[in-house]
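J.: Below are the structure tokens for one structure; questions will follow.
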Amino acid sequence: MFKSSLLRSTIAFSLITLSPAVFAQDAKAPADTTAEDNARVNAPLPPAEAAMKAHVMFLASNAMKGRDAGSPEYDIAAEYVASQYYAAGLR
Numbered sequence: 010m011f012k013s014s015l016l017r018s019t020i021a022f023s024l025i026t027l028s029p030a031v032f033a034q035d036a037k038a039p040a041d042t043t044a045e046d047n048a049r050v051n052a053p054l055p056p057a058e059a060a061m062k063a064h065v066m067f068l069a070s071n072a073m074k075g076r077d078a079g080s081p082e083y084d085i086a087a088e089y090v091a092s093q094y095y096a097a098g099l100r
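In this text, residue positions in the sequence shown follow my numbering: the first is 10, and each later residue adds one.
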């Protein structure tokens, strides 16, 4: 019971932490893009940003099927987030 509660709290904290990044996106019309913009978007990311992108890409992938509560994908996402916290030294 405690593990399930901890995992839910971990996921909720992660979603709250990542949500400002979602709303900080600046949408441009496709016609407004330039070669310079394309070069900037396709440039290699610094390691920390590349890692964050990889985490988001995994959690948002179609394979996770929306991560509905109680689904196997939800459990996978919860274990993934918990393992990342553990790897970062959070207990």
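We put the beta carbon where it would ideally sit given N, CA and C, even for glycine.
Whole angstroms are fine: how far does the CA of N51 sit from the CA of A97?
T.: 28 Å
J.: Using alpha carbons as the reference points, say which of A60, Q93, E88, A59 lies closest to M73.
T.: Taking only the C-alpha atoms, the option nearest M73 is E88.
J.: I'd like the span of the alpha helix (DSSP H) that includes R100, first residue to last.
T.: Counting along the chain, R100 falls outside any alpha helix (DSSP H), and DSSP gives it neither H nor E.
J.: Tell me whether the beta-carbon of L24 lies closer than 9 Å to the beta-carbon of A91.
T.: 9 Å or more divides the Cβ of L24 from the Cβ of A91.
J.: If I follow the unbroken alpha helix (DSSP H) through D46, where does it start and stop?
T.: From DSSP, the alpha helix (DSSP H) with D46 extends over 44-51.
J.: Residues in its own chain within less than 8 Å of R17 by CB, not counting five upstream and five downstream?
T.: Correct list, in chain order: A87.
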